[in-house]
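K.L.:
Numbering of the sequence shown is given in our numbering, commencing with residue 29 and proceeding in unit increments. Virtual Cβ for every residue (Gly too), placed ideally from N, Cα, C. Fair warning: this is a prediction, and the values are worked out from it, not measured in the lab.
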Amino acid sequence: MKPSAESLAQAAKAASGKGLPPVHLWDPPFCGNLDMEIRRDGTWFYEGTPIGRPGLVKLFSSILKRQGDSYFLVTPVEKVGIRVEDAPFVAVDFEVDGDGQDQVLTFVTHVGDIAAAGPDHPIRVVRDPETGEPSPYVLVRANLEALIDRKSFYRLVELGVHADHQGTSWFGLWSAGHFFPVIPSAELP
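#1: Ends of the alpha helix (DSSP H) at P164?
#2: Along the beta strand (DSSP E) that carries V112, what are the first and last residues, could you check?
#3: State the DSSP-derived secondary structure class of E158, mapped to helix, strand or coil.
#4: Measure the alpha-carbon distance for L53 versus C59 and round it to whole angstroms.
#5: Rounded to a whole number of angstroms, what is the C-alpha to C-alpha distance between A115 and V154?
#6: Classify V105 as buried or exposed, calling it buried when 16 or more other Cβ atoms lie within 10 Å of its own Cβ.
#7: Taking three-plus beta-carbon pairs below 8 Å as touching, is the stretch 126-136 in contact with the stretch 183-203?
#8: Do the stretch 166-181 and the stretch 87-97 touch if we need at least three Cβ pairs shorter than 8 Å?
#9: Could you have a look at S26 and say whether DSSP puts it in helix, strand or coil?
#10: Spatial neighbours of I142 within its chain, please: C-beta separation below 6 Å, excluding the five flanking residues on both sides.
#11: Quick check on E75: does DSSP put it in helix, strand or coil?
#12: Are F208 and P150 touching if we call contact CB-CB under 9 Å?
#13: Is it true that the CB of G109 sits closer than 9 Å to the CB of F100?
#14: For V124, is the classification buried or exposed, using 16 other Cβ atoms within 10 angstroms of its Cβ as the cut-off for buried?
#15: Helix, strand or coil: which one does DSSP assign to R152?
#16: So, helix, strand or coil for R183, using DSSP?
#17: In angstroms, rounded to a whole number, what distance separates the CA positions of A191 and S197?
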């Protein structure tokens, strides 16, 4: 029998206790796919209908796991596949502490995850091959990224500097002593 969203939510709530459940330790049997999708804007859908309860979305996000290019909701006893249009989370804001190479950029997602960019939480930017439009991401937890929203990316660009990266000048960002390249300096107007 395929699990329902309700049974997964109950199992997740029971397993979570305090903090995030240890989904990286769980490898239950695959029980099939669930008609659930996370859209690029961070909206979760179940059977084609948006999930309007933020608490339920946060609960589901706590049992999300990525393996390869596939995403699953997992509990200690079951694993179901879901679709993710882009990244499962959206970074909706960030704070800056310090400046220059010592600054730390701390992001918050739409489900309340917090990640300070650095070696364990890198920032990467993918550019659309046709339009050149950037899509910036930050690793939030265990192979799960957040798409950095447009307003936050514009604010990040204001903090950008030119620095040497692998022998080439890049425009990018410093956080926790680590440089994250955004675009080659030569490609800027």
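P.N.:
Reading it off the structure:
#1: Boundaries for P164: no alpha helix (DSSP H) harbours it, while the beta strand (DSSP E) harbouring it runs P162 to R169, taken from the DSSP string.
#2: V112 -> beta strand (DSSP E) spans K107 to V112.
#3: In the structure shown, E158 sits in coil (DSSP, three-state: anything other than H, G, I, E or B).
#4: Approximately 18 Å between the Cα atoms of the pair.
#5: A115 and V154 have their C-alpha atoms spaced approximately 12 Å apart.
#6: Counting other Cβ atoms within 10 Å of its Cβ, V105 stays below 16 and is therefore classed as exposed.
#7: Yes: the two stretches touch, three or more of their Cβ pairs being nearer than 8 Å.
#8: The stretch 166-181, when compared against the stretch 87-97, does touch it at the 8 Å Cβ threshold.
#9: No answer is possible for residue 26: it lies beyond the span of the chain, which begins at 29 and ends at 217.
#10: Cβ neighbours of I142 beyond the five flanking positions: V136.
#11: Coil.
#12: Contact: yes.
#13: Yes. Within cutoff.
#14: That one is exposed.
#15: Reduced to three states, the DSSP call for R152 is strand.
#16: Three-state result, R183: helix.
#17: For the pair A191 and S197, the Cα-to-Cα distance works out to about 5 Å.
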